[in-house]
Amino acid sequence: MDQLGPNPFLFIGAVLFVCGVVCMTTKRNGIGVLMGVELVLNGASLNFITFSKFTPLGLDGQVFSLFVIVLAAAEAAVALAITLNFYNNHLTIDVDRGDELHG
Amino acid sequence: MIDLGDKLSTLLAIAWLLPLLGFVIEVFGGYWGSRKSKAAANLAIGCIATGFLCSALALWMWGDATGWTALAAAHGEHGTTDHATQTVFSGSFYTLADFGDLHLSLDYYIDSLTLAMFVMVTFIATCIHVFATGYMAEELVDDYVDHQVHTHDGGHFHRPGRFYKFFSYMSLFCFAMLGLVLAGNIFQVFIFWELVGICSYLLIGFYVERHSASTAANKAFIVNRVGDFGFIIGLMILWTSFGTFSFGDRDLGEGKKQAGLFSMVARGEHGEFATTNHGQDVVLKTFDDHGHLQVPAETDSTRKTIAYTLLIVAGLGVFGGCVGKSAQFPLQTWLPDAMEGPTPVSALVHSATMVAAGVYLAGRFYPVFVPEVLLTIAYVGCITAFVAATIAIVATDIKKVLAYSTISQLGYMMLGLGVGGWAAGLFHLITHAFFKSLMFLCSGSVIAGCHHEQEMTKMGGLLKKMPITALTMLVGVIAIAGLAIPGLYVRFYWLWILPVPYPSIVSPEALPGAYALALSGFHSKDAILATGLAFENLNQVHFLLFLIPLLTAGITSFYMFRLWFYTFLGKPRDQHLHEHVHESPWVMTGPLVVLAFFAAFCAFAGEEGNLFKMLSHSQPAHVAHGFDGSHAGSVSLPDHDAIHKSHSTAGNAALLAAFIGMTISYLIYGKGVVDPDDIKRQAAAVHGFLVNKWGFDDLYDAMFVKPAHVVAKFAAAIDKFVFDEILHTFVRIGIVISKWDRKFDEGVIDGFVNMMGNSTHSMGLGLRNAQTGSIRQYVTFIAISVVTLFVLLFALYPSG
Chain A
1 MDQLGPNPFL FIGAVLFVCG VVCMTTKRNG IGVLMGVELV LNGASLNFIT
51 FSKFTPLGLD GQVFSLFVIV LAAAEAAVAL AITLNFYNNH LTIDVDRGDE
101 LHG
Chain B
1 MIDLGDKLST LLAIAWLLPL LGFVIEVFGG YWGSRKSKAA ANLAIGCIAT
51 GFLCSALALW MWGDATGWTA LAAAHGEHGT TDHATQTVFS GSFYTLADFG
101 DLHLSLDYYI DSLTLAMFVM VTFIATCIHV FATGYMAEEL VDDYVDHQVH
151 THDGGHFHRP GRFYKFFSYM SLFCFAMLGL VLAGNIFQVF IFWELVGICS
201 YLLIGFYVER HSASTAANKA FIVNRVGDFG FIIGLMILWT SFGTFSFGDR
251 DLGEGKKQAG LFSMVARGEH GEFATTNHGQ DVVLKTFDDH GHLQVPAETD
301 STRKTIAYTL LIVAGLGVFG GCVGKSAQFP LQTWLPDAME GPTPVSALVH
351 SATMVAAGVY LAGRFYPVFV PEVLLTIAYV GCITAFVAAT IAIVATDIKK
401 VLAYSTISQL GYMMLGLGVG GWAAGLFHLI THAFFKSLMF LCSGSVIAGC
451 HHEQEMTKMG GLLKKMPITA LTMLVGVIAI AGLAIPGLYV RFYWLWILPV
501 PYPSIVSPEA LPGAYALALS GFHSKDAILA TGLAFENLNQ VHFLLFLIPL
551 LTAGITSFYM FRLWFYTFLG KPRDQHLHEH VHESPWVMTG PLVVLAFFAA
601 FCAFAGEEGN LFKMLSHSQP AHVAHGFDGS HAGSVSLPDH DAIHKSHSTA
651 GNAALLAAFI GMTISYLIYG KGVVDPDDIK RQAAAVHGFL VNKWGFDDLY
701 DAMFVKPAHV VAKFAAAIDK FVFDEILHTF VRIGIVISKW DRKFDEGVID
751 GFVNMMGNST HSMGLGLRNA QTGSIRQYVT FIAISVVTLF VLLFALYPSG
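As structure tokens, this is what we get:
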């Protein structure tokens, strides 16, 4: 694995990130958007771990990725609650319908 | 043992201050109290009646302490009385201020004149207060309708009743008058003089809504100012030359005394001053270290002198004040108009007391008057007496007749003082106060009975309808006319214990101390005329000073009986009015009866009687000796013996004049031998002249009022066309500047602020479009922004 170098991992991280962003921008389903967020967070976590492995950062990167996971879990809980409330109000979870605050 | 002076001053101060207390309570209590309450009247009567008791007690104590020497001292030998017992008390209540040498204080000066005045004023005021509770009863309502004031819509004026206000003013007036009498220095006299004036103003203008009343109040006040101007000049001269205002001597302690005005100008044996500079300056006397009054030596640095002419001017100045207050010629015009006040006011203020204040001051200030001033006083009094008496002949308003007779009698008093009859003038002051207040109250009773009709031409035949009023009025008329029963003489025996004369009718041969049976007016007028005759004997050139008063005595008798016949006898001229006439209630007729008694008998026994002796006791020492001015080219004044000798001649002449006047009056108005209207037609010019009051009002109108109006109009024009124009120009400039300023504000300042606001607003509107509310768009923007930022980062910092 050491011979592979960081690039393949960074590439996969970037792919995950881009997938997440594309998923966030294209999905109208609120759960889908959440999933995109998870993908972005995981892409970022992968970057942390990669740099933790190939640079003198040491364990810091891994600790950060653990924080990210915890944060993502919390964020998911909040976001799901928002989604449930959103559904209560709009009888749908299409995020495009939630534009009451537009200018 | 309290000093007698302290006792007297305390008693008189109580009598003086009680009405002030009454005034304060009445004016506040009345304001917050009920309009229907008689409490104010009761309080006012209580105050003034208590004052009367205090005054009477003070008089008795004074007499008791002096052993009634005043009464025992026989007429004519008074000047020789020894001064073993003190009879004049002066002192100070309260120091108002000390400005360097100027000592202003509330003093008292008590002699028999003060005491007599106190008793007279408080007694008459009490009677009038009682009368007024009946007369003013119609004011005891919440809604008083003044039938003489018409509103624009043709109705009558409505206002709350002012019963309490009337009595509070009356109390204030009594306070002022008593303060004036008690005053121990000329400055204090001036203070109360003005206070009396303001009370008079308030009371004349009591029916202030009536135009005539407010005008009359103004007239009285303004005319009095003219006289007071002279008064102030007199005060200034006195202060600069004498350095004191005080009448009596002031005790400085340690046996030292500061001489008062009267001591400074004390005369010598023959009524002469101590003079210097060839008789041009008068040297003022002072007390030496041993308390003896003496003329200071020429080397004395504190020696003061006053130019004789300045003394004349000072005397004339103070007399000027008296002229205004006592309605003397040429300032007599205010008094008839002052009859606009309620009748009790006329009785108290404009007959018996306030107008008497001028005579009182002339009497009080007598020691300072020099013969030239006295001659002026005599002539002014003489002219006043005659002019007013002639006007009274044609007056038809019952109160106006009495007003002119008041002026005329005041002229008599001044004349008496002026010709050297000090006691005679003040004697007449007291007797006149009684019979004139009586007659005014009678006229008040008539007016109330006739439902406020004052024109005598509508009265007549009231004798049966109001007998008490008619008879008491007759007493007053006889008293003022000076009638007596000739041939009937009364001799008085004096009891040892009581100072009361014991009369017994004797034959005319028993002359000394025997006088005709007569009412008060005869005695006092007799005394004045006798002095006038004695004066004329000494100064032949001034014969008018006896003849005109004699003529006036006849006229007085004529017009007073005319008034009585007109009002009470004959046939009713207005049948409708006559049917509704009624006698007044007891609260009004009671005072009439009491006053009638005193009007008849207060001067009992004439110059042998208690009143006259009492007054002459205070006579300035030099008066009794007379004054021989023949060598100095000035007038001479008669001494007491000369007056005494001319008594029977003058008395008989006056009596004759009075009888002639009465007879003519009876023939014309009582029996109707000649129709008065015929006389009126025959002498239309004279009648018109008299009805026009000798044209004094027109003259003053042309001389002072019209020019004042012209000046006022001119001043108003200057105000309007100059000062107003200047102000208007400033205002116009201001307006133009403001307009420009407004444009600047609106265009520049507001424009800038609005521009800021508008641009912010439009920017906000523009940014608003970015807020689409679409969450996916936001994410896209964020992603694109992040990418863009990275691209820029790498582009700008390629080396990392």
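One line per chain: the protein sequences are A and B, in this order. Counting from 1, position 97 in the first sequence corresponds to residue 97 in my numbering; the numbering is continuous, with no gaps. Counting from 1, position 165 in the second sequence corresponds to residue 165 in my numbering; the numbering is continuous, with no gaps. Glycine included, each C-beta is placed from N, C-alpha and C at the ideal position.
So arginine 776(B) contacts chain A; which residues on that side make the cut at Cβ distance below 8 Å? The count along the second sequence starts at 1 and reaches residue 776(B) at position 776. The contacting residues are Met24, Thr25, Thr26, Lys27, Arg28, Val33, Val95 and Asp96.
Give me the subset of the region 57-77 of chain A whose CB atoms are less than 7 Å from a CB atom of chain B, sorted by chain position. none
Does any residue of chain B bring its CB to less than 8 Å from the CB of histidine 90(A)? Taking the first sequence and counting its residues from 1, one reaches residue 90(A) at position 90. For histidine 90(A), the answer is no, since every Cβ of chain B falls outside 8 Å of its Cβ.
Take isoleucine 312(B) as the anchor and find which of Ile233(B), Asp300(B) and Ala357(B) has the nearest alpha-carbon. The sequence position of residue 312(B) within the second sequence is 312, counting from 1. Closest by alpha carbon: Ile233(B).
So for asparagine 89(A), helix, strand or coil by DSSP? Against the first sequence, residue 89(A) aligns to sequence position 89. Helix at asparagine 89(A).
Is leucine 180(B) closer than 8 Å to cysteine 199(B) when the C-beta atoms are compared? Here residue 199(B) refers to the residue found at position 199 when the second sequence is read from its first residue. Here residue 180(B) refers to the residue found at position 180 when the second sequence is read from its first residue. Not closer than 8 Å, so no.
Report the residues of the region 737-760 of chain B with a CB closer than 7 Å to any CB of chain A, ordered along the chain. none
Let me know if arginine 732(B) comes out buried or exposed under the rule of 16 or more other beta-carbons within 10 Å of its beta-carbon. As a working note, residue 732(B) is residue 732 in the second sequence. Classification of arginine 732(B): exposed, given that the 10 Å Cβ count is below 16.
Thinking C-beta only, is glycine 460(B) closer than 8 Å to arginine 573(B)? As a first step, residue 573(B) is located in the second sequence; it is residue number 573 there, counting from the start. As a first step, residue 460(B) is located in the second sequence; it is residue number 460 there, counting from the start. Yes, they are a contact pair.
Which residues does DSSP pair with glutamine 148(B) in a beta bridge? Against the second sequence, residue 148(B) aligns to sequence position 148. According to DSSP, which records beta bridges pairwise, glutamine 148(B) is partnered with nothing at all.
Which class does glutamate 746(B) belong to by DSSP, given the choice of helix, strand or coil? Along the second sequence, read from residue 1 onward, the residue named residue 746(B) stands at position 746. Helix at glutamate 746(B).
For the beta strand (DSSP E) containing aspartate 153(B), list its first residue and its last residue. Within the second sequence, the letter at position 153 stands for residue 153(B). Here aspartate 153(B) belongs to no beta strand (DSSP E), and DSSP marks it neither H nor E.
Residue span of the beta strand (DSSP E) that contains lysine 680(B), given as start and end: In the second sequence, the residue the question calls residue 680(B) occupies position 680. Run containing lysine 680(B): none in the beta strand (DSSP E); it sits in the alpha helix (DSSP H), 676-682.
Element boundaries [beta strand (DSSP E), containing alanine 307(B)]: Residue mapping note: residue 307(B) aligns to position 307 of the second sequence, counting from 1. Counting along the chain, the beta strand (DSSP E) containing alanine 307(B) begins and ends at 305-307.
Using a Cβ cut-off of 8 Å (strictly closer), state whether valine 15(A) contacts chain B. For the purposes of this step, residue 15(A) is taken as residue 15 along the first sequence, with counting starting at 1. No, no contact with chain B.
When you compare each of Cys47(B), Cys54(B), Met439(B) and Gly30(B) to threonine 10(B) by their alpha carbons, which one comes out closest? Numbered from its first residue, the second sequence carries residue 10(B) at position 10. The option with the nearest alpha carbon to threonine 10(B) is Cys54(B).
Quick one: give me the first and last residue of the beta strand (DSSP E) that phenylalanine 89(B) is part of. In the second sequence, residue 89(B) corresponds to position 89, counting from 1. Here the beta strand (DSSP E) through phenylalanine 89(B) covers 89-99.
Where the alpha helix (DSSP H) containing leucine 43(B) begins and where it ends: Looking up residue 43(B) in the second sequence gives position 43. Counting along the chain, the alpha helix (DSSP H) containing leucine 43(B) begins and ends at 39-65.
For valine 88(B), which residues in the same chain have their Cβ closer than 8 Å to its Cβ, ignoring the five residues on either side in sequence? On the second sequence, residue 88(B) is found 88 positions in, with the first residue counted as 1. The residues are Tyr109, Ile110, Asp111, Gly248 and Ser618.
Closer than 7 Å at the beta carbon, the chain A residues around threonine 788(B): On the second sequence, residue 788(B) is found 788 positions in, with the first residue counted as 1. None at all; the shortest Cβ gap to chain A is about 14 Å.
Would phenylalanine 163(B) and alanine 40(B) be called neighbours here (beta carbons separated by less than 8 Å)? On the second sequence, position 163 is the one that residue 163(B) refers to. On the second sequence, position 40 is the one that residue 40(B) refers to. Cβ atoms of phenylalanine 163(B) and alanine 40(B): closer than 8 Å.
Do the region 689-703 of chain B and the region 588-595 of chain B touch if we need at least three Cβ pairs shorter than 8 Å? no
Cβ of threonine 729(B) within 8 Å of any chain A Cβ: To locate residue 729(B), count along the second sequence from 1; it is residue 729. By this cut-off, threonine 729(B) is not an interface position.
For the alpha helix (DSSP H) that contains isoleucine 110(B), what are its first and last residues? Counting from 1 along the second sequence, the entry for residue 110(B) is found at position 110. From DSSP, isoleucine 110(B) is part of no alpha helix (DSSP H) but of the beta strand (DSSP E) over 102-110.
Neighbourhood of asparagine 47(A) by C-beta, 7 Å cutoff - its chain only, sequence neighbours within 5 removed: Here residue 47(A) is taken as the residue at index 47 of the first sequence, counted from 1. The answer, listed in chain order, is Leu10 and Gly13.
Any C-beta of chain A sitting closer than 8 Å to the C-beta of valine 791(B)? By 1-based counting over the second sequence, the position of residue 791(B) is 791. So, not an interface residue.
Within the continuous beta strand (DSSP E) that includes aspartate 281(B), where are the two ends? For the purposes of this step, residue 281(B) is taken as the residue at position 281 of the second sequence. Unbroken beta strand (DSSP E) run through aspartate 281(B): 281-283.
Same chain, Cβ closer than 7 Å to isoleucine 555(B), five either side skipped, listed in chain order: Your numbering for residue 555(B) matches position 555 in the second sequence. Excluding residues within five positions, the ones whose Cβ falls inside 7 Å are Ala389, Thr390, Ile393 and Gly661.
Taking the C-alpha atoms as reference points, what is the distance between tyrosine 404(B) and glycine 260(B)? Within the second sequence, the letter at position 404 stands for residue 404(B). Within the second sequence, the letter at position 260 stands for residue 260(B). Spanning the two alpha carbons is a distance of roughly 37 Å.
The alpha helix (DSSP H) spanning glutamine 188(B) covers which residue range? Numbered from 1 along the second sequence, position 188 holds the residue referred to as residue 188(B). 186-204 is the span of the alpha helix (DSSP H), which, as asked, contains glutamine 188(B).
Listing by chain order, which chain A residues have their CB less than 7 Å from the CB of alanine 795(B)? Taking the second sequence and counting its residues from 1, one reaches residue 795(B) at position 795. Result: empty, since nearest Cβ-Cβ is about 19 Å, beyond 7 Å.
For arginine 776(B), which of helix, strand or coil comes out of DSSP? In the second sequence, residue 776(B) corresponds to position 776, counting from 1. Arginine 776(B): helix per DSSP, three-state reduction.
Under 8 Å between C-beta atoms of leucine 348(B) and methionine 170(B): Here residue 348(B) is taken as the residue at index 348 of the second sequence, counted from 1. Here residue 170(B) is taken as the residue at index 170 of the second sequence, counted from 1. Going by C-beta atoms, leucine 348(B) is nearer than 8 Å to methionine 170(B).
Element boundaries [alpha helix (DSSP H), containing lysine 7(B)]: The sequence position of residue 7(B) within the second sequence is 7, counting from 1. Where lysine 7(B) is concerned, the enclosing alpha helix (DSSP H) stretches over 4-32.
What is the rounded straight-line gap between the Cα of leucine 415(B) and the Cα of histidine 150(B)? As a working note, residue 415(B) is residue 415 in the second sequence. As a working note, residue 150(B) is residue 150 in the second sequence. Approximately 44 Å, taken between the alpha carbons.
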